[in-house]
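Chains as they are written, first to last, in my numbering: chain A, 16 to 174; chain B, 16 to 174; chain C, 16 to 174.
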Amino acid sequence: GFPGTPGLKGARGENALSYHSAFSVGLSSMVPSTNVPIRFNKFFYNQQHHYDDVSGKFRCSIPGVYYFTYHLTVYTNDVKVSLYRNDKTVMFTYDQYQERDVDQASGSVVLKLEAGDEVWLQVYGEEKVGGVYADNNNDSTFSGFLLYPDIQETAKRRR
Amino acid sequence: GFPGTPGLKGARGENALSYHSAFSVGLSSMVPSTNVPIRFNKFFYNQQHHYDDVSGKFRCSIPGVYYFTYHLTVYTNDVKVSLYRNDKTVMFTYDQYQERDVDQASGSVVLKLEAGDEVWLQVYGEEKVGGVYADNNNDSTFSGFLLYPDIQETAKRRR
Amino acid sequence: GFPGTPGLKGARGENALSYHSAFSVGLSSMVPSTNVPIRFNKFFYNQQHHYDDVSGKFRCSIPGVYYFTYHLTVYTNDVKVSLYRNDKTVMFTYDQYQERDVDQASGSVVLKLEAGDEVWLQVYGEEKVGGVYADNNNDSTFSGFLLYPDIQETAKRRR
Ligand SMILES: [Ca+2]
Ligand SMILES: [Ca+2]
Ligand SMILES: [Ca+2]
């Protein structure tokens, strides 16, 4: 017989476009306490609601490789901050404060996360108040976004 | 008769690969004036020409979620910088300068942009010259890139 | 004869999901020497092994557009660091140290790389020891990730 009609166009390649996870949050005032997650309460972007301002934690919904970064205004006191993943410290940022020398401290990291993993920032140390400062003209921020979804894992979970 | 030969392979799935927008620019000398967009004139990457060195502004061509970041050398004066989106301040970075203590100040944010949106950095304050410094051995930079294109919006615009 | 059976479903769209390149590394102690690549020896992420801790260099396997960023603890001495691409300096970060004023210095850049290109950080200057500091509670880090693979180039190489 004659050749058949051409097949249907293949399905749209499953692709990265469906996998979005990003947040970018800030503070409206100084961090009030140490040794608990910093609760950022100003939202630049949080469309997927993966950052939870009640707990102060980002919670991973899409397994994969993420980038996290923070920029902190150092004022009134030294800044001692740690980035946590599931109750374990991942990295530390320390910046000393000297009078009339407001500083900026920042850090960033790439991490592979499983669904349910939590990532947050916390002021550590024995002082009751750290130096992570913010007001109307001074921002301290925390942002993160998904770089590469772990497709096989995600596909399994969606079945 | 016999079945025909199988049809042609379907077309390649539409994917994120066609959506590129990134820039990375620096300064060759100190920011000369305040309260106007900083015009970065050194180009690390600007293939899509979405950063315009005449206006000093990034102009969004592909609607979607973007990441922006800047790193500034603090020298000769305090640094007071704001990131703008369409004539509104989004965030503020302040770093005080003390003699013989050159500093680095940085900030970053994730923003969802519509086509036509503009994003830039500006020195604010009443002084005529801010402390955003650069020379052959000191960089002050501004970078940004598209994280997730808003496909439906983009597809509509391409039709 | 009858028309043939429809063709097979098209192949999954070739997409960005197969192209992963990211690393995130830190130091466990002070940078011991100047004018050679900084060898980061603490691994937050390096699944593709594109960062080589023996040479201290990231080596590009997938041509495309990359983002690089570093965050350095400034302690005991001034920090003078340059980011290199293939033996040429791309950018410079300078932060002066003053006693009891530990600082944080950071930089970032977007670069288009060809396969084989190498990117690294290096302390420059005439002093034998720079001020890039790290210990258990102070991190100095270097991270990078692929934003947009150069598909045509990559596809050619895979044939
Ligand atoms: Ca300062
Ligand atoms: Ca300094
Ligand atoms: Ca300091």
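In this text, a Cβ means the ideal position worked out from N, Cα and C, and glycines have one as well.
Keep in mind it's a predicted model, so treat the numbers as computed, not measured.
{"Item": "CB-CB length for A/D110 against C/Q119, believed under 8 Å", "Value": "5 Å"}
{"Item": "Nearest-angstrom Cα separation, counted from B/F83 out to C/Y82", "Value": "12 Å"}
{"Item": "Contact with chain A by B/L162, beta-carbon distance below 8 Å", "Value": "yes"}
{"Item": "Chain B contact for A/H35 (CB, 8 Å cutoff)", "Value": "yes"}
{"Item": "Where B/F55 meets chain C, residues with beta-carbon distance less than 7 Å", "Value": "Correct list: empty, because the minimum Cβ distance to chain C is about 12 Å."}
{"Item": "Proximity of C/L161 and C/S48 at Cβ, strictly below 8 Å", "Value": "no"}
{"Item": "Minimum Cβ-Cβ distance from A/A149 to chain C less than 8 Å", "Value": "no"}
{"Item": "Beta-carbon proximity of B/V94 to B/T108, cut-off 8 Å", "Value": "yes"}
{"Item": "C/D150: CB within 7 Å of a non-hydrogen atom of ligand 1", "Value": "no"}
{"Item": "Outcome for C/G25 when other beta-carbon atoms lying within 10 angstroms are tallied against a minimum of 16", "Value": "Bear in mind that a pLDDT of 47 at C/G25, under 50, signals an unreliable position, so the model cannot answer this."}
{"Item": "Simplified DSSP assignment, three categories, for B/Q111", "Value": "coil"}
{"Item": "Beta-carbon spacing of A/K72, A/E133 below 8 Å", "Value": "yes"}
{"Item": "Contacts of B/K143 in chain A (Cβ-Cβ under 7 Å)", "Value": "By Cβ distance, chain A contributes nothing, its closest Cβ being about 19 Å from B/K143, past 7 Å."}
{"Item": "Residue range of the beta strand (DSSP E) that includes C/E133", "Value": "E133 to V138"}
{"Item": "Cutoff 6 Å; reference A/K127; Cβ partners in own chain excluding five residues on either side", "Value": "V80"}
{"Item": "Cβ-heavy atom distance, B/V46 to ligand 2, below 7 Å", "Value": "no"}
{"Item": "Any C-beta of chain C under 8 Å from that of A/A120", "Value": "yes"}
{"Item": "Alpha-carbon to alpha-carbon, B/F38 and B/Q63", "Value": "8 Å"}
{"Item": "Among C/G146, C/G140 and C/G131, the one whose alpha carbon lies nearest that of C/Y66", "Value": "C/G131"}
{"Item": "Proximal residues to B/M45 (C-beta, below 6 Å), its chain only, five neighbours per side dropped", "Value": "Y148"}
{"Item": "Within-8 Å CB hit, A/G131 to chain B", "Value": "no"}
{"Item": "heavy atom of ligand 2 below 7 Å from A/V124 C-beta", "Value": "no"}
{"Item": "DSSP three-state assignment for C/S33, whether helix, strand or coil", "Value": "helix"}
{"Item": "Distance between B/Q137 and B/S70 (C-alpha atoms, nearest Å)", "Value": "12 Å"}
{"Item": "Distance between C/M106 and B/K57 (C-alpha atoms, nearest Å)", "Value": "11 Å"}
{"Item": "Pair within 8 Å by beta-carbon distance, C/V11 and C/F157", "Value": "Not covered by the structure: residue 11 of chain C. The range shown for chain C is 16 to 174."}
{"Item": "Ligand 3 site residues, beta-carbon cut 7 Å against heavy atoms", "Value": "A/V89, A/D110, A/Q111, A/Y112, A/Q113, A/D116, A/D118, C/D116, C/V117 and C/D118"}
{"Item": "Exposure label - B/S43; buried when at least 16 CB within 10 Å", "Value": "exposed"}
{"Item": "Own chain partners of C/S123 with C-beta closer than 8 Å, once the 5 adjacent residues on each side are dropped", "Value": "Y82, F83, T84 and Y85"}
{"Item": "Proximal chain C residues relative to B/N92, where beta-carbon distance stays under 8 Å", "Value": "Correct list: empty, because the minimum Cβ distance to chain C is about 15 Å."}
{"Item": "Residues that A/H86 contacts on chain B, provided the C-beta gap is smaller than 7 Å", "Value": "S121, G122 and S123"}
{"Item": "Minimum C-alpha distance to B/I53 - residue among B/F59, B/Y60, B/G145 and B/Q167", "Value": "B/G145"}
{"Item": "Three-way DSSP call (helix, strand, coil) for C/Q119 in this model", "Value": "strand"}
{"Item": "Any chain B beta carbon closer than 8 Å to A/Q167", "Value": "no"}
{"Item": "Neighbouring residues, chain C, relative to B/Y60 (Cβ below 8 Å)", "Value": "V80, V124, V125, L126 and K127"}
{"Item": "Beta-carbon spacing of C/T104, C/S97 below 8 Å", "Value": "yes"}
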